[in-house]
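Each residue of the sequence shown is one higher than the one before, starting from 1427 at the first, in this note's numbering.
The structure appears below as structure tokens.
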Amino acid sequence: MTDRNSTAAQRVAQAVPGFPIDDNGPVFREPWEAQAFAMTLALYDRGLFTWPEWAALLGAEIKRARERGDPDTGETYYRHWLAALERMVAQKGVADASTLTRYVEAWDHAADRTPHGAPIELRAEDFGRG
1427 MTDRNSTAAQ RVAQAVPGFP IDDNGPVFRE PWEAQAFAMT LALYDRGLFT WPEWAALLGA
1487 EIKRARERGD PDTGETYYRH WLAALERMVA QKGVADASTL TRYVEAWDHA ADRTPHGAPI
1547 ELRAEDFGRG
């Protein structure tokens, strides 16, 4: 982890209760979790939101998940993180819900056609699936 990422992780850990971190920095189970974290940091660095704003939105997302029966064991933390990120992007007008849905469906299509173990690449034809 770079010094910048380490510093950013420390800022997040202080601002966001329950953030998964150990002595080496953020804890990610899957590459997509690290990517969601990095996207969040990039949007924060660009001034899209404040950490208290992010913490409130993430907390609300976790609360909704608990109300739907999520056992809150920590294994779904980044699913809530991603849902909060999508909500933040929509609330701030970066992308609307239909655009986000379009990309989710395109990535699903790309994943379906990609052999196991190969990198998933998003292509123009992935957006044409209906």
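Glycine included, every Cβ here is placed at the ideal spot set by N, Cα and C.
Do you know how far the Cα of residue j is from the Cα of residue i?
i, j, result
"Ala1550", "Ala1523", "20 Å"
"Glu1487", "Trp1480", "11 Å"
"Glu1493", "Thr1499", "14 Å"
"Leu1474", "Gly1519", "10 Å"
"Tyr1529", "Arg1539", "15 Å"
"Glu1531", "Gln1517", "20 Å"
"Ala1521", "Trp1533", "16 Å"
"Phe1445", "Arg1437", "10 Å"
"Pro1497", "Ala1544", "32 Å"
"Asn1450", "Leu1548", "32 Å"
"Trp1482", "Phe1553", "For clarity, residue 1482 is Ala in the given sequence; the question names Trp instead. Approximately 33 Å, taken between the alpha carbons."
"Ala1460", "Phe1454", "6 Å"
"Thr1525", "Pro1478", "26 Å"
What are the partner residues of residue i, as DSSP defines its beta bridges?
i, result
"Pro1452", "Ile1447"
Taking 9 Å as the threshold (C-beta atoms), are residue j and residue i in contact?
i, j, result
"Leu1484", "Trp1507", "yes"
"Ala1536", "Tyr1504", "no"
Validate contact between the region 1455-1473 and the region 1509-1526 using beta carbons, cut 8 Å, 3 pairs: As far as the Cβ criterion goes, the region 1455-1473 touches the region 1509-1526, which means the pair count is three or higher.
Entirely enclosed alpha helix (DSSP H) segments - the region 1450-1503, minimum 4 residues: Those alpha helix (DSSP H) runs which fall completely within the region 1450-1503 and span 4+ residues are 1457-1471, 1477-1493.
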